[in-house]
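Shown next, in structure tokens, is the structure this report addresses.
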Ligand code: GDP
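See below:
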């Protein structure tokens, strides 16, 4: 049995290897300014702090959630920290990622276009069974919305992703985003 299973799943992580405790690499993608760092900080620290960036370079934050079936999922969350501008970084960044969260800003059509670019990149270079989430963020800005929910849903369905609208500012749907991802993760085969 290899240490790293299909789809970058690494059963057990630092602890004992078992199907009940998954450790997964999650990459965030999306235009600069859509709220990637704020989503992570909301999820990991329970705060909305628009001024604090999640460090620089290839570091990550991690957060473990428990599911109802008493399994746990530890997310190692990679934020591009602005490096999404350098296309050369991308394949390295995706490598071993079991999950990709592609974020756009519901008030920015350009960011929705950019999200679609990242989806194509992942379809080309990502793991074939990667779990992908399409996230329309800044749902709190009701009167500034430019992309109707239907557009996000339709695009997500066509591309085998799930769609969710979040607000890092109000915390709306942030935990749900990660719970939905956890439910969709393939479980490593421990029958042998
Ligand atoms: P990143 O470049 O994708 O990491 O974006 P940031 O997380 O740095 O957020 C960019 C800006 O968007 C910041 O000024 C945040 O205050 C703002 N922002 C992020 N999420 C939300 C949200 O859910 N609602 C609102 N109204 N603003 C947000």
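Numbering (UniProt numbering), first residue to last: 10 to 201. No residue lacks a Cβ here, since even glycine has one placed at the ideal position from N, Cα and C.
Do the CB positions of residue i and residue j come within less than 9 Å of each other?
i	j	result
residue 82	residue 45	no
residue 174	residue 145	yes
residue 76	residue 191	yes
residue 168	residue 128	yes
residue 50	residue 111	no
residue 58	residue 47	yes
residue 143	residue 124	yes
residue 147	residue 177	yes
What whole-angstrom Cβ distance do residue i and residue j have, given they're in contact under 8 Å?
i	j	result
residue 116	residue 150	5 Å
residue 187	residue 84	7 Å
residue 107	residue 139	6 Å
residue 43	residue 113	5 Å
Decide if residue i is buried, meaning its Cβ has at least 16 other Cβ atoms within 10 Å, or exposed.
i	result
residue 197	buried
residue 34	buried
residue 99	buried
residue 79	exposed
residue 185	exposed
residue 193	exposed
residue 133	exposed
residue 101	exposed
residue 60	exposed
residue 163	exposed
residue 103	buried
residue 161	buried
residue 152	exposed
residue 55	exposed
residue 25	Unreliable positioning characterises residue 25 in this predicted model, as indicated by a pLDDT of 44, which lies under 50. A coordinate reading is not provided.
Contact criterion: CB-CB distance below 9 Å. Does residue i meet it with respect to chain B?
i	result
residue 169	The structure shown has no chain B; it contains just one protein chain.
Kindly provide the chain-ordered list of residues whose Cβ lies closer than 6 Å to any non-hydrogen atom of the ligand GDP. 39, 41, 42, 43, 44, 45, 46, 47, 59, 146, 147, 149, 150, 176, 177 and 178
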